[in-house]
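Protein chains in written order, with the working numbering: chain A, 56 to 397; chain B, 56 to 397.
Only one structure is covered here, and it is reproduced in the block below.
2 protein chains.
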Amino acid sequence: MSGQKIRNMEEFAAKSGVSRPTVSKYFNDPTSVRKSTRLRIEEALERYNFRPNLYAVNQNRRLTKNIGIVVPYVADPFFAEIARTIERRCIDAGFSPSTFSSHGSVEHEVEILETLRSMRPAGVLLAPLGRASDRKKVEAFCEDVPTVLVDSNIEGLGAAFIGLDNFQSVPLMVEYLCRTGEPPCFFEMPPVNPNANKRRSAYIQSMERLGHTPHVIRVEGQGWDFEDIGYTGGLRVLDNGELSSRTVLCSNDRLAIGFMAAAYERGIRVGITKDCTLRIAGHDDHPFSRFTCPSLTTISQDYEAISTGSVETLMNFIEDGVPSGPRRDTLFDGHLVMRSSA
Amino acid sequence: MSGQKIRNMEEFAAKSGVSRPTVSKYFNDPTSVRKSTRLRIEEALERYNFRPNLYAVNQNRRLTKNIGIVVPYVADPFFAEIARTIERRCIDAGFSPSTFSSHGSVEHEVEILETLRSMRPAGVLLAPLGRASDRKKVEAFCEDVPTVLVDSNIEGLGAAFIGLDNFQSVPLMVEYLCRTGEPPCFFEMPPVNPNANKRRSAYIQSMERLGHTPHVIRVEGQGWDFEDIGYTGGLRVLDNGELSSRTVLCSNDRLAIGFMAAAYERGIRVGITKDCTLRIAGHDDHPFSRFTCPSLTTISQDYEAISTGSVETLMNFIEDGVPSGPRRDTLFDGHLVMRSSA
DNA sequence: TGCTAAATTTTCCGCGCGTAAAAATAATAT
DNA sequence: ATATTATTTTTACGCGCGGAAAATTTAGCA
């Protein structure tokens with residue numbers, strides 16, 4: 056950690072007493088050089104703290120070690136968490152992840168894909184906006200860069216899809232709610248991605264399977280301020296007496312949080328105790344759901360499984376190339392998290 | 056959008072009928088070339104969709120157009136929001152922001168600074184961990200790269216600091232609480248950054264100024280899972296009857312959210328209506344605070360002002376260099392947001 | 001039309017490193 | 001010790017672009 060600054064690999068090679076190509080080889084894969092030379096390099100590395108110029112390296116490598124991570128909205132703690140765990144795994148695998156948030160806008164998503172293209176990444180993990188995405192542009196991108204879709208599916212795009220099996224998770228919740236009380240109605244907003252549609256379908260299916268009449272309540276609203284949509288819509292629904300059941304299954308946790316705020320505002324007690332008149336359940340196990348009042352009963356997605364699965368899948372594509380066959384889809388199960396709201 | 060692929064600027068220059076150096080000039084500043092040639096380039100740009108190689112550009116430019124943005128914990132919506140608005144402003148100013156999250160760990164923060172150094176950014180906007188930060192390393196970094204500290208101060212480091220004036224905001228809240236009910240006690244966790252210390256001091260000062268006896272309750276806990284710390288600590292405080300006042304001012308919103316969950320758990324009604332026995336206030340106007348039950352009375356930080364201010368300050372440093380005088384500190388005022396929890 | 005200033009073209013070098021091929025050296029086996 | 005194989009060194013080229021200097025063209029103006 057001492058000595059003067061090293062300007063480039065040439066100088067560093069001189070200091071370590073090894074030739075530059077060998078040093079270059081070392082940085083590409085430390086195990087590819089003999090142990091004795093590795094030690095000499097690492098010794099110099101401690102004395103001089105040299106790092107190869109990022110841009111020169113990436114310009115010359117056939118394929119960079121960059122991984123792009125794109126989430127639709129990073130201010131949503133769910134995606135922040137997904138991004139965080141995925142980042143970690145990429146670093147552990149020796150790659151350099153760069154995370155981008157589309158901030159809920161198609162323009163940003165397209166812009167990000169173009170930026171990513173110019174980064175020539177080895178691969179990309181893309182949680183797309185979903186319905187709002189520019190299918191053509193995403194498709195073109197996927198043809199050039201190995202891309203794994205995460206969370207939100209766009210039918211047929213990308214080399215693989217990793218997500219949650221809504222047709223497993225939603226029935227799990229519906230059955231629980233029916234078993235423990237009044238069959239739920241389904242509270243949703245205009246779908247931003249395919250998950251929302253699948254959840255509605257899954258709700259309807261499982262209600263019918265159980266011999267109940269499904270009832271879907273859709274409220275207006277757009278953008279990614281889901282809590283606000285749930286709150287505003289919730290107030291309207293409550294005030295108009297549109298609620299057909301005293302159990303409400305919300306399309307996702309953030310919507311449920313907004314709905315709970317609306318119920319509170321109207322003096323309606325939510326929960327499973329005797330003094331409560333409304334049960335509310337969500338979906339996703341949003342990080343804040345533990346701390347709502349009452350705590351939110353929901354379906355948890357396995358962050359670890361999703362991030363590990365998606366990164367491993369991508370690594371395979373990077374190493375072995377993208378197989379030409381049909382897209383590989385991996386759907387994980389959700390788990391019921393029973394708390395006190397339903 | 057048609058035609059074959061362009062391999063480099065040379066080829067693109069040929070297609071547009073302009074020389075390569077002129078094209079290069081255009082990409083550095085479109086207004087620096089004559090209008091007629093600009094049009095020729097932009098016409099070709101539409102036909103061929105060419106972008107200069109990112110790595111070659113950055114390798115050769117004296118200074119890159121990159122801006123580093125570092126937040127301590129991006130899964131905290133407060134910082135996600137700060138990062139988002141700052142990103143936007145950087146892009147609008149013609150720079151390429153890269154956002155990193157330290158995820159609450161010093162090791163990550165140091166790692167990020169090293170990564171940033173190798174990116175040779177034009178400047179960095181750093182919201183440091185605070186107390187946990189490696190002062191030496193941050194200091195060394197700030198000497199090499201124009202750095203503006205945001206939100207959390209590290210005394211004397213960086214070229215400027217942009218944040219909130221806790222000695223304005225906290226008294227605002229204390230005075231409001233005293234005016235409308237019982238003087239508050241102060242609920243805090245082990246301080247993660249200087250703001251926490253300043254808020255405690257400001258609370259004590261303003262209580263004494265108003266002739267009340269300050270009372271600080273500190274609960275244990277570490278890490279960035281503030282809600283959990285507030286919840287766990289809140290339960291303990293409530294169960295042990297440690298609360299000296301029926302008004303609680305929490306050091307930040309996330310802590311308040313946890314505390315509210317604890318109060319709910321113990322059947323204590325929170326709010327300002329007659330049937331309530333506890334008032335809880337927070338600080339920061341966390342995006343989620345509107346939707347707590349009851350909605351959280353808090354102090355709002357002006358995201359726009361902070362992000363605009365910090366980016367503009369940094370741009371000045373990038374253009375004119377960092378002045379040698381004392382560090383410039385800008386403190387914005389917080390605003391009282393009255394909701395229904397206090 | 002001629003003049004001047006501005007813009008562009010030509011030509012060239014360099015950035016720091018990946019990578020390839022041939023030559024030299026070191027480690028291992030026989 | 002000699003043959004064999006694994007590593008390293010030497011040498012050299014190229015990546016795509018920024019930037020400088022000189023030569024040339026163009027635009028603006030009297």
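Cβ coordinates follow ideal geometry from the N, Cα and C atoms, glycine included.
Problem set entry | Three-state secondary structure (DSSP) of residue 303 (chain B) | Counted from its first residue, the second sequence places residue 303 (chain B) at position 248. Residue 303 (chain B): strand per DSSP, three-state reduction.
Exercise. Is it buried or exposed for residue 121 (chain A), if we count other Cβ within 10 angstroms and need 16 for buried?
Worked result: Along the first sequence, one-based indexing puts residue 121 (chain A) at 66. With 16 or more other CB atoms across the displayed protein chains lying within 10 angstroms of its CB, residue 121 (chain A) is buried.
Exercise. Which term fits residue 278 (chain B), buried or exposed, when burial requires 16 or more other beta carbons within 10 angstroms of its beta carbon?
Worked result: Residue numbering aside, residue 278 (chain B) sits at position 223 when the second sequence is read from its first letter. The residue in question, residue 278 (chain B), is exposed, as its Cβ has fewer than 16 Cβ neighbours within 10 Å.
Problem set entry | Straight-line Cα distance separating residue 341 (chain A) from residue 132 (chain A) | Position 77 of the first sequence, counted from the first residue, corresponds to residue 132 (chain A). Position 286 of the first sequence, counted from the first residue, corresponds to residue 341 (chain A). Roughly 7 Å separates the two Cα atoms.
Exercise. Just how far apart, CA to CA, sit residue 326 (chain A) and residue 347 (chain A)?
Worked result: The residue you call residue 326 (chain A) lines up with position 271 of the first sequence. The residue you call residue 347 (chain A) lines up with position 292 of the first sequence. When rounded, the distance between both Cα atoms is 11 Å.
Problem set entry | Under 8 Å from the C-beta of residue 139 (chain A): neighbouring residues of chain B | On the first sequence, residue 139 (chain A) is found 84 positions in, with the first residue counted as 1. Chain B residues near residue 139 (chain A): 129, 130, 156 and 158.
Problem set entry | As assigned by DSSP and simplified to three states, the class of residue 332 (chain B) | Stepping through the second sequence from its first residue, residue 332 (chain B) is reached at position 277. Residue 332 (chain B) falls in the coil class under three-state DSSP.
Exercise. Hey, is the region 199 to 209 of chain B in contact with the region 169 to 182 of chain B, meaning 3+ C-beta pairs nearer than 8 Å?
Worked result: yes
Problem set entry | Other residues of its chain near residue 226 (chain A): CB distance less than 7 Å, five sequence neighbours each side excluded | Taking the first sequence and counting its residues from 1, one reaches residue 226 (chain A) at position 171. For residue 226 (chain A), where only same-chain residues beyond five positions count, the Cβ hits under 7 Å are 257 and 261.
For this session: Determine, using beta carbons only, whether residue 165 (chain B) and residue 192 (chain B) come nearer to each other than 7 Å.
Result: Here residue 165 (chain B) is taken as the residue at index 110 of the second sequence, counted from 1. Here residue 192 (chain B) is taken as the residue at index 137 of the second sequence, counted from 1. Yes; because the gap between Cβ atoms is below 7 Å, this pair is in contact.
Exercise. Name the residues in the region 289 to 319 of chain A whose C-beta lies less than 7 Å from a C-beta of chain B; which are they?
Worked result: 312, 313, 315, 316 and 319
Exercise. Taking Cβ positions, are residue 217 (chain B) and residue 364 (chain B) nearer each other than 7 Å?
Worked result: The residue labelled residue 217 (chain B) in the question sits at position 162 within the second sequence. The residue labelled residue 364 (chain B) in the question sits at position 309 within the second sequence. Yes, they are a contact pair.
For this session: Buried or exposed for residue 253 (chain A), please, with buried defined as at least 16 other CB atoms from any protein chain shown within 10 angstroms of its CB.
Result: Residue mapping note: residue 253 (chain A) aligns to position 198 of the first sequence, counting from 1. The residue in question, residue 253 (chain A), is buried, as its Cβ has 16 or more Cβ neighbours within 10 Å.
Exercise. Is the region 107 to 127 of chain B touching the region 142 to 152 of chain B, taking contact as three or more C-beta pairs under 8 Å?
Worked result: yes
Exercise. Is it right to say residue 393 (chain A) is buried, meaning 16 or more other beta carbons lie within 10 angstroms of its own, or is it exposed?
Worked result: Residue mapping note: residue 393 (chain A) aligns to position 338 of the first sequence, counting from 1. Exposed, by the Cβ-count rule.
For this session: Give the single residue among B:244, B:141 and B:94 whose Cα lies nearest to the Cα of residue 71 (chain B).
Result: What you label residue 71 (chain B) is simply residue 16 of the second sequence in a count that begins at 1. Selected option, being the one with the closest Cα: B:94.
Exercise. Cα-Cα, which of A:396, A:387, A:99 and A:352 is closest to residue 362 (chain A)?
Worked result: In the first sequence, residue 362 (chain A) corresponds to position 307, counting from 1. Closest by alpha carbon: A:387.
For this session: Classify residue 336 (chain A) as buried or exposed, calling it buried when 16 or more other Cβ atoms lie within 10 Å of its own Cβ.
Result: Walking along the first sequence from the start, residue 336 (chain A) turns up at place 281. Residue 336 (chain A) comes out buried.
Problem set entry | Entirely enclosed beta strand (DSSP E) segments - the region 345 to 386 of chain B, minimum 3 residues | 353 to 355
Exercise. Since residue 290 (chain A) contacts residue 320 (chain A) with CB under 8 Å, what's their CB separation in whole angstroms?
Worked result: Along the first sequence, one-based indexing puts residue 290 (chain A) at 235. Along the first sequence, one-based indexing puts residue 320 (chain A) at 265. So it is a contact: roughly 7 Å between Cβ atoms.
Exercise. Just the Cα atoms here: how many angstroms apart are residue 196 (chain B) and residue 168 (chain B)?
Worked result: Residue 196 (chain B) sits at position 141 when you count from the first residue of the second sequence. Residue 168 (chain B) sits at position 113 when you count from the first residue of the second sequence. Those two C-alpha atoms are separated by around 7 Å.
For this session: Output the boundary residues of the alpha helix (DSSP H) element that contains residue 93 (chain B).
Result: One-based indexing of the second sequence puts residue 93 (chain B) at position 38. DSSP places residue 93 (chain B) inside the alpha helix (DSSP H), whose first and last residues are 90 to 103.
For this session: Could you tell me which chain B residues have their CB closer than 8 Å to the CB of residue 174 (chain A), listed as they occur along the chain?
Result: Translated into the one-based positions of the first sequence, residue 174 (chain A) becomes position 119. Under the 8 Å cutoff, chain B gives 109.
Exercise. Considering residue 121 (chain B), what are the terminal residues of the beta strand (DSSP E) in which it resides?
Worked result: The residue labelled residue 121 (chain B) in the question sits at position 66 within the second sequence. Element bounds for residue 121 (chain B): 121 to 126.
For this session: Find the nearest neighbour of residue 338 (chain B) within the set B:293, B:117, B:255 and B:128, judged by alpha-carbon distance.
Result: Here residue 338 (chain B) is taken as the residue at index 283 of the second sequence, counted from 1. Checking every option, the nearest Cα to that of residue 338 (chain B) belongs to B:255.
Problem set entry | Coil, strand or helix - residue 280 (chain A) by DSSP | Looking up residue 280 (chain A) in the first sequence gives position 225. If DSSP states are grouped into helix, strand and coil, residue 280 (chain A) belongs with coil.
For this session: Indicate the three-state DSSP secondary structure (helix, strand or coil) for residue 317 (chain B) in the structure shown.
Result: Within the second sequence, numbered from 1, the residue matching residue 317 (chain B) stands at position 262. Three-state DSSP puts residue 317 (chain B) in a helix.
Exercise. Does the distance from the CB of residue 69 (chain A) to the CB of residue 78 (chain A) come in under 7 Å?
Worked result: Position 14 of the first sequence, counted from the start, is the residue given in the question as residue 69 (chain A). Position 23 of the first sequence, counted from the start, is the residue given in the question as residue 78 (chain A). Not in contact: residue 69 (chain A) and residue 78 (chain A) (Cβ atoms no closer than 7 Å).
Exercise. Between residue 397 (chain B) and the rest of its own chain, which residues show a CB-CB distance below 7 Å, the 5 nearest in sequence each way excluded?
Worked result: Indexing the second sequence from 1 puts residue 397 (chain B) at position 342. By the criterion of a C-beta distance shorter than 7 Å, residue 397 (chain B) is surrounded in its chain by 232, 302, 327, 334, 335, 336 and 352, once the five residues flanking it on both sides are discounted.
For this session: For chain A, find out if any of its Cβ atoms is closer than 7 Å to the Cβ of residue 197 (chain B); answer yes or no.
Result: Position 142 of the second sequence holds residue 197 (chain B). At a cut-off of 7 Å between beta carbons, residue 197 (chain B) makes no contact with chain A.
Exercise. Opposite residue 153 (chain B) in the DSSP bridges: which residues?
Worked result: The residue you call residue 153 (chain B) lines up with position 98 of the second sequence. Bridge partners of residue 153 (chain B): B:123.
Problem set entry | Secondary structure of residue 218 (chain A), DSSP reduced to three states | If you number the first sequence from 1, residue 218 (chain A) lands on position 163. It is a strand residue.
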